[in-house]
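Residue numbers (the numbering used here), protein chains in the order written: chain D, 1 to 321; chain B, 1001 to 1318.
Worksheet: one structure, shown below.
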Amino acid sequence: MTTQSVPKTSPQVRPSVAKPARLARFLAGPWPWMLPALFMLMLFRLYPILSQFYYAMTDMRVQNLQEFNFVGLDNYRFLLEDQFFIDTLLFTFFFTFAGVLLQWVIGFGLALLMDQPLQGRTFFRLGIMASWVISSLIVGYTWRLMLHEGNAGVLSAWLMELGYEDPVRWLSAPDNAQYSVIAVNVWRSTAYTMVFMLAGLQTIPRDLLEAATVDGANLWQRLVKIKIPYMRQLIAINVVFITIATFNVYEQILVLTRGGPGRATETVSLKMYETAFGSLSSGSLGLIGRGAAMGNIMFLFTLVFALAYLWLTLYRKGDEA
Amino acid sequence: MTAMTSLLRGLFYFFFGPLLRLAEQIINLPRNLPRGIRWVRNHPGRTLWYVANHFIALGVTVIFVYPLVWLLSASLKPPFEIYREPLRLIPSAVQTDVYDEILRAGDFPTYLNNSVLYSTGASLLTLLLAVLAAYGLSRYRFSGKRTLMILILAMQMIPGLVTVIPMYILMNQLGLYNTQHGIILLYSTLQIPWTIWVMKGYFDTIPVELDEAALIDGASRLRALRQIILPLVAPGIAASFLIIFMARWNEFALANALLSNPQLHPLPVGTFRLLGPDEADFRLTAAASLVNIVPILAVFAVLQRFLVSGLASGAVKG
């Protein structure tokens, strides 16, 4: 929607005259508005994504970024032959699957609850959302205190009150630690699904639900026959979002268990960070190249879901047209 | 508080509804009873549902709020009470010495300053870049626009953590490693795609005629945007600001990798360096956590009313 129309330059006009006209047309177009943002996105978002594929094929170390050798696919080969990494990958999938399932079921349930006539709905909604507002690092610290296995642990104290004899090893037994980190992540992220789904539920036309009620549809039928089909698309998008977020969880696990005991709760993100940057105590070698290979594995997993999301939005656009 | 009073009201109707009905028959109460009581009398099943919902909502809210309340309590308790009476929420005596330790002696004031600087700077820069781009995308028609929108959206789907390693190398190459402007520049790019989408959604709801009127009156497009369009999309700006600010305030992984100078650490990194990944002092952990979350909860409390509309429009349009 350019406001000034530029007269077409005839072939006799010298190019030096035509140039400013083209520049003027460019300046009056959409690109000057978008260029700053696009430049920043390309430099800080797109270029890292692309360059990571190159770094993953080198033996670069964090101590010296200038000197490195090209090693081809060695980093990937090493990772796929490493049983520890396969275990980490499997736990990450388990963590993601269980986390997404619980987040969605609980989050959708809460959204349905919040969609009912409730006095003080804002109070409930904000209370639940507090867990989502604070940082995952602090969520990790909070639950590390809550799950303390000594006398000070609140959850153990509650169980003692209920007559439970032995203190539960929330974080020091491998199985329990896995369930604990999943539960903490669900506690932290469920509010997002609730808000997202609540926004969707409130777009359902009230007439539709009332008509169904008049026709004798009960609560369950209204849920399964109207609400869920109506929000199918939104549900799919939400599941994609929370899958990506859960797959990339880092801070909570770092603080809660640091991947332990042993490697029971180590996710790919933890291992990537540790391999590349490490902490002094862990004697990390700062293997940036190998870390980049893990980053690419995470990227490809994320990309699958990102493409699924794009497909969903495009499909929706097509639906509407 | 309204929640509590309403809950009590609901409970009252539920339990005393039948009694009132009986009393009505016995002493011949006037016909025009309060509407609520009559409704409860006529719909016992729905009343039960209504009351039960309040109980469930209250229980769930407690699960989500209790850890934070307990955190506050633990940070104020005398040390011995943490181990002897972990369930006690109201401390027998209030001790604020850990807060003194954190806020006076340590580097926490610096961290707090840095966090405010990074979050605010990055949020404003994100908004500036994204609003301009969104305006261009909303007001011009050009070939490849849809593809561009989709590519922008795709970029938002990739979390920053996935590319922390190449970002570290890039920042070193650009000489931005360990600098405040470097982290602000990088931070400002993380939420640009999402903000573009949300703000384009808002701009699309504003009629083009408004711009055109301003242009005819001789204003430049930039001036039309600033003086006429922006005030109309203020709720969207507020919602976007809240989301970006929250994300930046809480960011840890990138800052931890890109800032090694303790004087430049934002709060989460400073907290992590103070407490470490292993056992730390209970009250110190609780107090440091609270210093992290109180500012963001305050910002959230002020701006949250814009969030529902903002998130909903972003999500539903998504």
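Quick reminder that beta carbons are idealized off the backbone N, C-alpha and C, glycines included.
With 8 Å as the threshold, decide whether the Cβ of residue i is near any Cβ in chain D.
{"i": "Ala1074/B", "result": "yes"}
{"i": "Gln1263/B", "result": "no"}
{"i": "Ala1224/B", "result": "no"}
{"i": "Asn1042/B", "result": "no"}
{"i": "Ile1169/B", "result": "yes"}
{"i": "Ile1090/B", "result": "no"}
{"i": "Thr1285/B", "result": "yes"}
{"i": "Leu1254/B", "result": "no"}
{"i": "Ala1257/B", "result": "yes"}
{"i": "Tyr1083/B", "result": "yes"}
List the residues of chain B whose Cβ lies closer than 7 Å to the Cβ of residue i, in chain order.
{"i": "Gln116/D", "result": "Asn1053"}
{"i": "Asn248/D", "result": "Pro1159, Leu1161 and Val1162"}
{"i": "Trp33/D", "result": "Leu1132, Ala1133, Tyr1135 and Gly1136"}
{"i": "Ala276/D", "result": "Ile1165"}
Any beta carbon from chain B within less than 8 Å of residue i's own beta carbon?
{"i": "Glu251/D", "result": "yes"}
{"i": "Gly322/D", "result": "Outside the modelled stretch of chain D, which goes from 1 to 321, sits residue 322/D, for which no answer is possible."}
{"i": "Val154/D", "result": "yes"}
{"i": "Met57/D", "result": "no"}
{"i": "Thr193/D", "result": "no"}
{"i": "Trp220/D", "result": "no"}
{"i": "Gln119/D", "result": "yes"}
{"i": "Thr3/D", "result": "Note that Thr3/D scores 47 on pLDDT, short of 50, meaning its location in the model is unreliable; the coordinates nonetheless yield the value given after this. Yes, because at least one Cβ of chain B sits closer than 8 Å to the Cβ of Thr3/D."}
{"i": "Gln178/D", "result": "no"}
{"i": "Gly29/D", "result": "yes"}
{"i": "Gly291/D", "result": "yes"}
{"i": "Pro48/D", "result": "yes"}
{"i": "Thr302/D", "result": "yes"}
{"i": "Asn322/D", "result": "No answer is possible for residue 322/D: it lies beyond the span of chain D, which begins at 1 and ends at 321."}
{"i": "Trp158/D", "result": "yes"}
{"i": "Pro36/D", "result": "yes"}
{"i": "Ile244/D", "result": "yes"}
Look up residue i in the DSSP assignment and say whether it is helix, strand or coil.
{"i": "Thr302/D", "result": "helix"}
{"i": "Thr1096/B", "result": "coil"}
{"i": "Arg1394/B", "result": "What is shown of chain B runs 1001 to 1318, which leaves residue 1394/B out entirely."}
{"i": "Asn69/D", "result": "coil"}
{"i": "Thr122/D", "result": "helix"}
{"i": "Arg263/D", "result": "coil"}
{"i": "Asp1114/B", "result": "Checking the sequence shown, residue 1114/B turns out to be Asn, not Asp. Three-state result, Asn1114/B: helix."}
{"i": "Arg1009/B", "result": "helix"}
{"i": "Leu287/D", "result": "strand"}
{"i": "Ser281/D", "result": "A caution first: Ser281/D carries a pLDDT of 47, below 50, which makes its placement in the model too unreliable to give a value."}
{"i": "Asn248/D", "result": "coil"}
{"i": "Met57/D", "result": "coil"}
{"i": "Asn218/D", "result": "coil"}
{"i": "Ala1315/B", "result": "Here the model assigns Ala1315/B a pLDDT of 42, short of 50, so the residue's position is not dependable, and the following value carries that caveat. It is helical."}
For residue i, which residues in chain D fall below 8 Å Cβ to Cβ?
{"i": "Thr1061/B", "result": "Phe123, Phe124, Gly127 and Ile128"}
{"i": "Met1199/B", "result": "None at all; the shortest Cβ gap to chain D is about 11 Å."}
{"i": "Leu1297/B", "result": "Ala130, Val133 and Ile134"}
{"i": "Trp1039/B", "result": "Within 8 Å Cβ-Cβ: nothing; Trp1039/B doesn't reach chain D, min ~12 Å."}
{"i": "Pro1166/B", "result": "Tyr47, Pro48, Ile49, Ser51, Gln52, Tyr55, Ala292 and Gly295"}
{"i": "Thr1389/B", "result": "Nothing about residue 1389/B can be read from this structure; chain B reaches only from 1001 to 1318."}
If the cut is a Cβ gap below 7 Å, which residues of chain D does residue i touch?
{"i": "Ile1293/B", "result": "Ile134 and Ile138"}
{"i": "Ser1289/B", "result": "Ile138, Tyr141 and Thr142"}
{"i": "Gln971/B", "result": "Absent from the model: residue 971/B. The displayed extent of chain B is 1001 to 1318, so no value can be given."}
{"i": "Pro1268/B", "result": "Ser135 and Leu137"}
{"i": "Tyr1050/B", "result": "Pro117"}
If the cut is a Cβ gap below 9 Å, which residues of chain D does residue i touch?
{"i": "Trp1194/B", "result": "Under the 9 Å cutoff, chain D gives no residues; its nearest Cβ is about 11 Å from Trp1194/B."}
{"i": "Leu1153/B", "result": "Ala306, Tyr309, Leu310 and Thr313"}
{"i": "Pro1067/B", "result": "Ser131, Val139, Thr142, Trp143, Leu145, Met146, Val154 and Trp187"}
{"i": "Tyr1013/B", "result": "Result: empty, since nearest Cβ-Cβ is about 12 Å, beyond 9 Å."}
Rounded to the nearest angstrom, how far is the Cβ of residue i from that of residue j, given a contact under 8 Å?
{"i": "Ala293/D", "j": "Leu79/D", "result": "6 Å"}
{"i": "Ala191/D", "j": "Met114/D", "result": "With a Cβ gap of about 11 Å, Ala191/D and Met114/D do not count as contacting."}
{"i": "Leu1267/B", "j": "Leu1275/B", "result": "With 8 Å as the limit, Leu1267/B and Leu1275/B do not qualify as a contact, their Cβ atoms being about 12 Å apart."}
{"i": "Gln252/D", "j": "Gly150/D", "result": "About 21 Å; that fails the 8 Å criterion."}
Residues of chain B with a CB under 9 Å from the CB of residue i: which are they?
{"i": "Phe299/D", "result": "Ile1158, Val1162 and Thr1163"}
{"i": "Ser172/D", "result": "Near Ser172/D there are no residues of chain B at all, since even the closest Cβ is about 12 Å away, more than 9 Å."}
{"i": "Tyr76/D", "result": "Chain B residues near Tyr76/D: none, gap ~15 Å exceeds 9 Å."}
Which chain B residues sit within Cβ distance under 8 Å of residue i?
{"i": "Leu113/D", "result": "Asn1053, Ile1056, Ala1057 and Val1060"}
{"i": "Leu41/D", "result": "Ile1152, Met1155, Thr1189, Ile1192 and Pro1193"}
{"i": "Ala183/D", "result": "By Cβ distance, chain B contributes nothing, its closest Cβ being about 11 Å from Ala183/D, past 8 Å."}
The ligand PLP heavy atoms versus the CB of residue i: any closer than 7 Å?
{"i": "Gly1270/B", "result": "Of the ligands one can find in the structure shown there are none, so the ligand PLP has no counterpart to examine."}
Next on the checklist: Extract the residue ranges of the beta strand (DSSP E) inside the stretch 1140–1219 of chain B, only unbroken runs of 3 or more that lie entirely within it.
Outcome noted: none
Checklist entry - Of all the alpha helix (DSSP H) runs that stay within the bounds of the stretch 1225–1307 of chain B, which reach a length of 4 or more residues? => result 1234–1250, 1253–1258 and 1267–1275
Item to check | Segments assigned alpha helix (DSSP H), at least 4 residues, entirely inside the stretch 118–186 of chain D | outcome: 121–133, 136–146 and 154–161
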